[in-house]
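S.K.:
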Amino acid sequence: MTSPSVKARFGSSLRKLRDERGYSQEELAERAGLHRNYVGGVERGERNVALENIIKLARALSVPPRELFANFP
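For the sequence shown, the UniProt record's numbering begins at 1 and goes up steadily by one.
So this is what it looks like as structure tokens:
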């Protein structure tokens, strides 16, 4: 069995943090200055996230960027 991709693990972390805060994808996207479809694609592991967008998402969630990598060994 193969392990989830890096993009899928990152997306899972993002979704978990978003859910913990009670944000919709649309609300997180607005707080981060990103499009809601982009946030959905990131959460589904379909997008390769740029470093600048990782920082935007972390700030919107009020967490250090390393929190988005909690699913990584």
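Glycine included, every Cβ here is placed at the ideal spot set by N, Cα and C.
With DSSP as the reference, label residue 23 as helix, strand or coil.
M.R.: Three-state DSSP puts residue 23 in coil, outside helix and strand.
S.K.: Confirm, please, whether the CB-CB distance from residue 32 to residue 56 is below 8 Å.
M.R.: Yes; because the gap between Cβ atoms is below 8 Å, this pair is in contact.
S.K.: Please name the residue, chosen from 72, 44, 34 and 73, that lies closest to residue 54 on a Cα-to-Cα basis.
M.R.: The option with the nearest alpha carbon to residue 54 is 34.
S.K.: Does residue 63 get closer than 8 Å to chain D when you measure Cβ to Cβ?
M.R.: Note that chain D does not occur in the displayed structure, where there is just one protein chain.
S.K.: Looking only at its chain, what residues have a beta carbon closer than 7 Å to the beta carbon of residue 45, apart from the 5 residues adjacent to it on each side?
M.R.: Within the same chain, residue 45 has close Cβ partners 5, 7, 8 and 11.
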